[in-house]
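Structure first, then comments.
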Amino acid sequence: MAFLVALTIGLILLGMYFNNQKPTQISDAKAEQIALAIQPHGAVYAGATGAAAQAAAKKAADEAAKGQIAYGGTLDGSVIFGNLCTGCHTSGAGGAPKLEKAIWAARIAQGKDTLHKHAIEGYNNVGVMPARGGNPSLTDAQVIATVDWMIGNLN
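In this text, residue positions in the sequence shown follow my numbering: the first is -16, and each later residue adds one.
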């Protein structure tokens, strides 16, 4: 019995030795999977060169987003407000004015054209209003419709 156990262990070790002598081959699919797994998933931007690269990446992303039309191209200000603007204009986050007549009185006095311009281009004087509410795929008409809806629905 001991002889058979020793023989089995010897054959296992001999098989392991010969198996390790065979070169490992990786399939093309496995090599591609490994290459995808070890590639960098982001980039680090540092210094002037990094700032330029970061600005170029943001510009490219904004240009790509312009080709898309947000919210199916709707001009219903309530839909856009409910999906995008409500986060800040309901809570007052970032200094965004809530939908209250008293808060908006001075802004409305500047005229709708100024409000539309600030919403389209962004405004960083009192609070932070990102251009197009932070969604570059909104068209000018959508932004204007949303601003007009907000003005018409002040409490």
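All C-beta atoms in this analysis are idealised placements derived from N, C-alpha and C, irrespective of residue type, glycine included. Note that the structure is predicted; figures quoted are calculated from it, not measured.
Contact check for T129 against F64 passes: the beta carbons are separated by less than 9 Å.
Shown here, M112 sits in a strand according to DSSP, grouped into three states.
The C-beta separation of V126 from I103 comes to about 5 Å, placing the pair in contact by the 8 Å criterion. With a cutoff of 9 Å on beta-carbon distance, I134 and K95 are scored as near each other. The alpha-carbon separation between A39 and G(-2) amounts to approximately 58 Å. If you look at I(-5), you'll find it in the alpha helix (DSSP H) that goes -15 to 4. Residue N136 holds the alpha-carbon nearest to the alpha-carbon of K84 among P119, N136, N2.
Taking the Cβ atoms as the reference, A88 lies roughly 16 Å from G110, outside the contact range of under 8 Å. Burial is judged here by how many other beta carbons sit within 10 angstroms of a residue's own beta carbon; L(-6) has fewer than 16 and is exposed. Within 10 angstroms of the beta-carbon of L(-10) lie fewer than 16 other beta-carbons, which makes it exposed.
DSSP lists M112 as the bridge partner or partners of Y106. Within the same chain, L67, C68 come within 6 Å of G116 by CB-CB distance, once the 5 residues on both sides are set aside.
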